[in-house]
Amino acid sequence: MTGFAGLERPAWRVDVDDTIGEVAWSPLDDRVGVGCTGGDVVVLDAAGSMLDRRRDHPAGTACLAWHDGEVVSGGVDGWVVAGAHRERLSGWIASLASGPDGLAVAHGRHVSLLGGATSERLPASVAQVRWSSCTDAAGGRPGLVVCGHGYVSEFDADLSVRIDAALVWGGSVEQVDWSSGGGWAAASTRGTTNYLWPSSIGQGGRVVDPAVRVHVLPCPSSSGRLLRFDPTGRYAGIATSGGLAVFDLDEVHPVAGPPGRLLPLFCDVHAFRWWPAAPVAVLGVATDSGGGGLLLVRCDERAAPVGVVDLGTPVIGLEWSRDGRLLAAACGDGTVVGLRRVVDWAWQDSADQWDVTDRL
Numbered sequence: 001m002t003g004f005a006g007l008e009r010p011a012w013r014v015d016v017d018d019t020i021g022e023v024a025w026s027p028l029d030d031r032v033g034v035g036c037t038g039g040d041v042v043v044l045d046a047a048g049s050m051l052d053r054r055r056d057h058p059a060g061t062a063c064l065a066w067h068d069g070e071v072v073s074g075g076v077d078g079w080v081v082a083g084a085h086r087e088r089l090s091g092w093i094a095s096l097a098s099g100p101d102g103l104a105v106a107h108g109r110h111v112s113l114l115g116g117a118t119s120e121r122l123p124a125s126v127a128q129v130r131w132s133s134c135t136d137a138a139g140g141r142p143g144l145v146v147c148g149h150g151y152v153s154e155f156d157a158d159l160s161v162r163i164d165a166a167l168v169w170g171g172s173v174e175q176v177d178w179s180s181g182g183g184w185a186a187a188s189t190r191g192t193t194n195y196l197w198p199s200s201i202g203q204g205g206r207v208v209d210p211a212v213r214v215h216v217l218p219c220p221s222s223s224g225r226l227l228r229f230d231p232t233g234r235y236a237g238i239a240t241s242g243g244l245a246v247f248d249l250d251e252v253h254p255v256a257g258p259p260g261r262l263l264p265l266f267c268d269v270h271a272f273r274w275w276p277a278a279p280v281a282v283l284g285v286a287t288d289s290g291g292g293g294l295l296l297v298r299c300d301e302r303a304a305p306v307g308v309v310d311l312g313t314p315v316i317g318l319e320w321s322r323d324g325r326l327l328a329a330a331c332g333d334g335t336v337v338g339l340r341r342v343v344d345w346a347w348q349d350s351a352d353q354w355d356v357t358d359r360l
């Protein structure tokens with residue numbers, strides 16, 4: 001196992017002199033936004049040069065996104081800042097989502113469109129909001145998927161119609177995600193409960209259809225925020241307290257669900273992204289000694305760690321640039337590290353041993 005397999009040595013390292021809460025690349029160009037818990041929002045370019053720094057949230061930045069070419073931030077004080085536009089909403093800003101019909105904001109027990117409509121009161125605080133990647137049958141427009149403690153709901157684009165998933169969700173649902181083709185969807189909760197089900201979102205249907213069979217994915221406790229579908233659509237991965245759990249979606253039993261494997265890890269995972277176009281997990285980790293870095297894990301039939309990047313500090317956030325060539329790693333020491341991907345890395349030849357995982 002080589003030290004920098006698949007990644008070049010760090011191209012740059014920028015100290016933002018604050019605790020980092022979130023990083024997000026612009027979908028339009030090579031700028032990366034950094035949200036600091038102290039209230040600052042920093043914008044860097046692909047070379048690591050600082051383009052902008054401003055104090056948007058004196059009480060602390062809670063989340064970050066890009067919308068219409070502007071970095072948008074939400075604060076714990078309820079303010080949303082999008083360029084020159086500032087708007088205050090009720091409650092903590094928990095999540096932001098940019099879509100063709102506007103910027104969706106999860107705040108308290110509501111979802112709003114910035115400068116527009118606000119939803120009815122939801123059963124509990126909203127943990128996440130996302131625009132669906134399909135169009136609904138009625139209006140031909142994407143809708144909004146929201147989740148929180150004990151619920152997953154879908155709204156139309158105007159927030160006028162709400163449909164609740166007719167399921168009993170155990171625990172606080174922190175995240176809903178779906179595969180690249182829309183054939184599978186999953187929900188993750190704080191704790192040991194995770195769900196997987198076939199979805200018709202890729203064909204213009206709902207994320208959760210009451211008629212589908214929902215599988216419970218057994219795995220160790222997780223934060224509920226580290227569930228990801230790989231870019232090939234075959235694997236679902238969940239970073240847990242016991243390691244990385246991977247489920248094969250090509251072999252889903254109608255009753256038992258998908259076969260799962262657990263790769264034990266002797267470190268804490270704080271961030272998780274997949275390698276572009278390959279079933280290789282990129283994990284941001286922390287060690288017991290206070291160090292950390294990146295761990296690359298091959299997740300196919302020859303599952304095994306294939307690369308380690310020691311950055312000397314825990315990695316708490318990971319984001320790929322829009323072209324997948326540059327990885328921004330947010331670190332626990334207040335720095336952002338840029339690492340370039342080796343485009344022609346032969347990941348298939350990266351493991352010299354067979355499967356080292358435990359079956360779930």
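Residue 138 in our numbering sits at position 138 of the sequence shown, with consecutive numbering throughout.
Quick reminder that beta carbons are idealized off the backbone N, C-alpha and C, glycines included.
Just so it is clear, the structure is predicted and the values come from calculations on it, not from any experiment.
The three-state reading of DSSP puts L339 in strand, counting E and B together.
Of the residues T189, A303 and A165, the one whose Cα lies closest to the Cα of A278 is A303.
Secondary structure in the region 137-207: no alpha helix (DSSP H) run of 4 residues or longer lies completely within the stretch. A Cβ-Cβ separation of about 11 Å leaves V145 out of contact with V126 under the 8 Å criterion.
If you look at D40, you'll find it in the beta strand (DSSP E) that goes D40 to D45.
Contact between W79 and R86 holds, with the beta-carbon distance rounding to 6 Å and staying under 8 Å. Under a 10 Å Cβ-count criterion, H253 is classified as exposed, with fewer than 16 other Cβ atoms of the shown protein chains found around its own Cβ. When rounded, the separation of the alpha-carbon atoms in G242 and L227 is 14 Å. Per the coordinates, the alpha-carbon of D56 lies some 13 Å from the alpha-carbon of G33.
In the DSSP assignment, C36 falls within the beta strand (DSSP E) that extends over R31 to C36. Membership of E22 in the beta strand (DSSP E) is indicated by the continuous run I20 to W25.
The beta carbon of L114 sits closer than 7 Å to the beta carbons of V80, A82, E87, G102, L103 and V105 from its chain, once the five residues preceding and following it are set aside; these are given in chain order.
Per DSSP, A281 is one residue of the beta strand (DSSP E) stretching across V280 to A286. Relative to the Cα of P142, the nearest Cα in the group L122, V161 and C299 belongs to V161. Using a Cβ distance threshold of 8 Å, G317 and G338 do not count as a contacting pair.
The residues T335 and V337, in chain order, have a CB closer than 6 Å to that of R13 in the same chain once the five nearest residues on each side in sequence are set aside.
Burial is judged here by how many other beta carbons sit within 10 angstroms of a residue's own beta carbon; Q175 has at least 16 and is buried.
Taking the Cα of G99 as reference, the smallest distance to any Cα among G35, T37, G69 and A166 is reached at G69. Less than 8 Å divides the Cβ of V280 from the Cβ of W347.
Here the C-alpha atom of S49 lies approximately 45 Å from the C-alpha atom of G170. For a cut-off of 8 Å, the C-beta gap from V309 to G290 is around 17 Å, too long to register as a contact.
The Cβ-Cβ distance between V23 and A330 falls below 8 Å.
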